[in-house]
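Asks: Pasting a structure below so you can have a look.
Protein chains: 2
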Amino acid sequence: MNDFLYYSPTEFIFGHNAEAQTAEALARHGARRVLIVYGGGSIVRSGLLDRVTATLRERQIPYALLGGVQPNPLDDKVREGIALARREKTDFLLPVGGGSVIDTAKAIACGVPYEGDFWDFFSGKRAVEEALPVGVVLTIPAAGSEASGNSVITLRQGMQKLSLRTPRALRPRFAVMDPELTFTLPPEQTAAGIVDMMVHIFERYFTNTPDCSLTDRLCEGALCSIVEEARRLLHDPRDYGARANIMWAGTIAHGGICGTGRQEDWASHFMEHELSALYNVTHGAGLAVIVPAWMEYIAGEKSGKLAQFARRVMQVPDNGDTLVDAREGIRRLKAFFRELGMPLTFREIGAREEDIPELVRRLHLHKGPVIGAFRPLGPADTEAIYRLACRQ
Amino acid sequence: MNDFLYYSPTEFIFGHNAEAQTAEALARHGARRVLIVYGGGSIVRSGLLDRVTATLRERQIPYALLGGVQPNPLDDKVREGIALARREKTDFLLPVGGGSVIDTAKAIACGVPYEGDFWDFFSGKRAVEEALPVGVVLTIPAAGSEASGNSVITLRQGMQKLSLRTPRALRPRFAVMDPELTFTLPPEQTAAGIVDMMVHIFERYFTNTPDCSLTDRLCEGALCSIVEEARRLLHDPRDYGARANIMWAGTIAHGGICGTGRQEDWASHFMEHELSALYNVTHGAGLAVIVPAWMEYIAGEKSGKLAQFARRVMQVPDNGDTLVDAREGIRRLKAFFRELGMPLTFREIGAREEDIPELVRRLHLHKGPVIGAFRPLGPADTEAIYRLACRQ
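Right, here's the structure in full:
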């Protein structure tokens with residue numbers, strides 16, 4: 001086990017009608033002037049935005065509104081938000097939505113007190129030292145942004161999708177999580193979220209760090225539960241218990257506890273980011289295409305851990321041959337993604353095999369000559385994985 | 393899944409020589425005048441106290457010392473600490489030790505700013521509103537006090553052992569955790585700690601709350617790892633990886649994540665507290681005596697969950713009969729406690745069958761007419777469990 005610092009100070013307010021506690025949480029965390037950030041019309045149509053703003057009006061907490069955040073959020077909206085927050089003298093950001101909305105709010109939060117361009121933080125030119133506090137009303141589980149100090153934004157010029165990771169500054173002060181808000185998510189969004197949270201665990205689970213039995217077991221336990229509960233949701237999308245387990249699993253998956261003391265990987269995420277930047281594909285759908293291809297490519301060298309995954313999570317009986325069991329585990333994982341209605345190939349997400357050299361070029365330009373840690377990948381490897389993803 | 397609020401703001405500094413970061417952590421959390429609280433001579437003899445105080449001197453943070461905290465800590469030492477902290481104008485408490493030392497420091501922390509008697513908080517007369525901040529250097533894993541807002545103190549007059557639970561005020565600001573500090577723990581202390589952390593999970597795992605698959609799986613995963621790593625420690629007490637997994641498991645077991653959204657039980661802890669108050673037995677050893685008896689007593693009514701535990705944690709093959717599997721799980725758990733060198737009967741801990749009526753009387757006097765939630769227990773039940781614990 002590696003040395004680590006684990007710090008997760010977010011207060012999670014979880015359960016039925018949790019959003020009614022939003023203003024109370026804002027007041028407890030010292031908010032005086034709030035900027036509410038949100039995405040499309042669904043939170044307006046569902047009445048959620050009204051219910052949240054009503055709690056603020058009741059407590060006489062002034063607020064401004066910034067709507068229109070898109071999936072794979074762009075820098076334009078961040079700039080708009082920074083200008084608005086400065087004009088409104090905002091001292092607290094309240095994103096109401098999923099990962100894109102939260103990540104946009106975080107980028108605004110560090111951009112407001114900084115005199116330069118906020119992109120400096122994402123390009124690695126500057127470290128975040130100061131940021132406005134952020135509190136979250138979560139409507140789409142999976143991204144895990146409600147429990148992390150991270151943000152992912154795409155620069156429109158050049159469609160460069162980069163992630164910013166801060167140990168403290170951007171961790172939300174609180175996260176309001178009502179599983180009922182996820183009852184009406186479109187099935188493909190629920191499914192993409194489930195894939196995303198599973199892969200957040202994979203990025204930590206597949207490691208070469210020795211002596212991580214506790215976090216191995218926690219990862220495997222969370223994965224088992226996600227698979228079980230996802231199947232209950234396919235049967236009944238309004239099953240509160242299943243929605244609650246999935247929502248909390250999204251937080252556990254990315255909240256950091258699963259990664260304590262482990263070297264993490266992140267190659268699959270990096271490879272997917274290039275897909276979603278180029279084709280604007282949903283992140284979880286892109287991951288469903290990349291991850292099985294990645295597993296197949298490394299199976300020969302990494303059959304031990306893949307077999308452990310197969311046996312403990314995908315319920316593959318132990319045949320005494322790690323490679324055989326690893327491959328059966330990958331087969332079952334793909335079948336599970338299919339059950340969820342997820343794509344498995346380039347074609348299904350509108351990606352083109354002829355773009356692969358460009359994807360590889362951009363990937364290594366943005367992320368360096370070698371990506372990943374479990375099995376470090378150079379351009380020949382990532383090209384081979386993208387090609388596997390065309391025909392699985 | 394029940395609604396819940398989860399908040400765990402402690403910063404965990406984990407790994408090799410983590411104690412060298414103590415003064416840095418104190419400074420980051422605003423400490424100016426520190427009271428160091430510790431127990432017996434082992435941290436003096438090992439040089440740990442010197443190494444910790446050296447980091448404070450280097451940073452010029454003034455400190456006072458309060459040693460001599462005993463296992464099953466008494467109110468006398470708390471009172472001594474409150475007086476000393478007031479005299480020294482302490483603004484930050486630094487316990488260096490295990491659960492007894494941390495719990496004593498927490499009791500001092502809420503006693504200093506309170507004009508009445510600190511026992512008011514433990515007897516339930518008053519809620520803690522204000523407390524000095526606490527940071528921890530952990531030397532004995534298991535109690536989980538490094539990650540909780542709780543404290544357990546025994547009032548010498550009447551030997552009344554009571555626990556105080558606060559949602560926020562007494563949660564440590566940071567916890568320094570170096571697994572190497574646990575290399576030299578006596579085997580019986582290591583073993584008692586392992587039992588204690590397992591039972592911290594049991595108190596959350598055995599619940600009637602429906603739809604808790606995620607936390608069920610996390611509990612089971614942590615328990616599997618504890619059993620595996622404990623066996624490695626029996627083989628080599630200086631195995632860093634095993635010590636690290638066990639130490640972090642102690643925090644995960646009691647840090648709250650395993651209990652999110654679940655009704656908790658705590659009957660076994662309450663029954664054990666009477667044993668350790670009356671006979672001054674080590675808490676973990678007392679639990680090894682109580683818990684299998686408790687499981688046997690409820691097995692007929694609660695075979696479903698006990699069989700799940702048996703199959704998923706104790707590796708009992710599924711025989712299709714929950715009661716048979718539950719009993720085999722209990723048998724294996726007892727065998728595991730024996731492997732650790734733990735007692736299983738009243739006689740082995742110096743408890744007497746003829747004291748049972750008095751134990752039951754005190755238990756229900758202190759904790760109410762019915763204890764526990766998974767299977768609520770009245771005096772006839774707790775008497776039967778104490779009697780089972782005489783002859784298993």
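As they're listed, the protein sequences go chains W and X.
First residue of the first sequence? That's 1 in our numbering, and the numbers climb one at a time after it.
First residue of the second sequence? That's 393 in our numbering, and the numbers climb one at a time after it.
The C-beta atom is built at its ideal place from N, Cα and C for all residues, glycine as well.
1. To be precise: take each residue of the segment 599 to 612 of chain X, compare its Cβ to all Cβ atoms of chain W, and keep it if any distance is under 7 Å. Which residues remain?
2. For X:Ile405, which beta-bridge partners are listed by DSSP?
3. Give a yes or no on whether 9 Å exceeds the smallest Cβ distance from W:Thr53 to chain X.
4. What three-state label does DSSP hand W:Ser213 in the structure shown?
5. DSSP three-state call for X:Thr546: helix, strand or coil?
6. Against chain W, which members of the segment 646 to 662 of chain X pass a CB distance test of less than 8 Å?
7. Okay, do the segment 543 to 550 of chain X and the segment 463 to 472 of chain X touch, 3+ Cβ pairs below 8 Å being the bar?
8. Quick one: which chain X residues come within Cβ less than 7 Å of W:Cys224?
9. Using the C-alpha atoms, what's the distance from X:His592 back to X:Ala614?
10. So is W:Leu365 buried or exposed if we call it buried at 16+ other beta carbons inside 10 Å?
11. Given a limit of 8 Å on CB to CB distance, which residues of the segment 293 to 321 of chain W reach chain X?
12. The beta strand (DSSP E) with X:Lys553 in it runs from where to where?
13. Would you mind reading off the limits of the alpha helix (DSSP H) that contains W:Gly81?
14. Just grab the DSSP bridge partners of X:Leu780 for me.
15. Which whole-angstrom value describes the C-beta separation of X:Ile532 and X:Leu486, a residue pair presumed to lie in contact below a C-beta threshold of 8 Å?
16. Compare the beta carbon distance of W:Arg257 and W:Tyr6 with 9 Å and say whether it is the shorter of the two.
17. Anything in chain W within Cβ reach of X:Asp395, meaning under 8 Å, just list it in chain order.
18. What separation, rounded to the nearest whole angstrom, lies between the Cα atoms of W:Ile377 and W:Met271?
19. Excluding the 5 residues flanking X:Gln581 on each side, which residues of the same chain have their C-beta closer than 7 Å to its C-beta?
20. Please state whether the Cβ-Cβ distance between X:Gly653 and W:Trp248 is less than 9 Å.
21. Quick one: what does DSSP say X:Phe484 is sitting in, helix, strand or coil?
22. Below 8 Å on C-beta distance, what does W:Asn245 contact in chain C?
23. Hey, how far is the Cα of X:Val681 from the Cα of X:Phe738?
24. Check the Cβ-Cβ distances between W:Ala384 and every residue of chain X, and say whether any is below 9 Å.
25. To the nearest angstrom, how far is the alpha carbon of X:Val444 from that of W:Val137?
26. Tell whether a beta-carbon distance below 9 Å holds between X:Arg451 and X:Ala410.
27. Grouping DSSP H, G and I as helix and E and B as strand, with all else coil, what is W:Val69?
28. Mind the definition here: the segment 312 to 324 of chain W touches the segment 295 to 304 of chain W only if three or more C-beta pairs lie below 8 Å; say whether that holds.
29. Could you please tell me which residues of the segment 35 to 48 of chain W, in chain order, have their CB closer than 8 Å to any CB of chain X?
30. Can you tell which of W:Ala192, W:Pro210, W:Ala277 has its C-alpha closest to the C-alpha of W:Ser163?
31. At a Cβ threshold of 9 Å, is X:Ala523 touching chain W?
32. Report all residues from its chain with a CB closer than 7 Å to the CB of W:Val101; omit the five preceding and five following residues, and keep chain order.
33. Residues in its own chain within less than 8 Å of X:Ala691 by CB, not counting five upstream and five downstream?
34. On a CA-only basis, which of W:Ala31, W:Glu358, W:Met198, W:Arg204 is nearest W:Ala285? Give me that one, please.
35. So is X:Ala641 in contact with chain W if we call contact Cβ pairs under 9 Å?
Replies: From the atom records:
1. Pro602, Asp603, Ser605, Leu606, Arg609, Leu610, Glu612
2. W:Leu5, X:Val568
3. It does not: the Cβ of W:Thr53 has no partner Cβ on chain X nearer than 9 Å.
4. helix
5. strand
6. Within the segment 646 to 662 of chain X, the qualifying residues are Ile649, Thr652, Gly653.
7. The segment 543 to 550 of chain X, when compared against the segment 463 to 472 of chain X, does touch it at the 8 Å Cβ threshold.
8. Arg609
9. 11 Å
10. exposed
11. none
12. That run of the beta strand (DSSP E) goes 552 to 557.
13. 75 to 88
14. BP columns for X:Leu780 are empty, so no partner.
15. That belief does not hold up - the Cβ atoms of X:Ile532 and X:Leu486 are roughly 16 Å apart, past 8 Å.
16. It should be pointed out that residue 257 of chain W corresponds to Ile in this sequence rather than to Arg. Closer than 9 Å, so yes.
17. Phe14, Gly15, His16, Ala18
18. As written in the sequence, residue 377 of chain W is Leu, which differs from the Ile given in the question. W:Leu377 and W:Met271 have their C-alpha atoms some 11 Å from each other.
19. Ile532
20. yes
21. strand
22. The structure shown has no chain C; the protein chains it does contain are W and X.
23. 7 Å
24. No, because no Cβ of chain X sits closer than 9 Å to the Cβ of W:Ala384.
25. 42 Å
26. no
27. coil
28. The segment 312 to 324 of chain W and the segment 295 to 304 of chain W touch, with no fewer than 3 CB-CB distances between them shorter than 8 Å.
29. none
30. For W:Ser163, the closest of W:Ala192, W:Pro210, W:Ala277 by C-alpha to C-alpha distance is W:Ala277.
31. no
32. Val37, Tyr38, Gly39, Val69, Pro95
33. Leu698, Leu715, Ala718, Arg719, Ile722
34. Ranking W:Ala31, W:Glu358, W:Met198, W:Arg204 by Cα distance to W:Ala285 puts W:Met198 first.
35. yes
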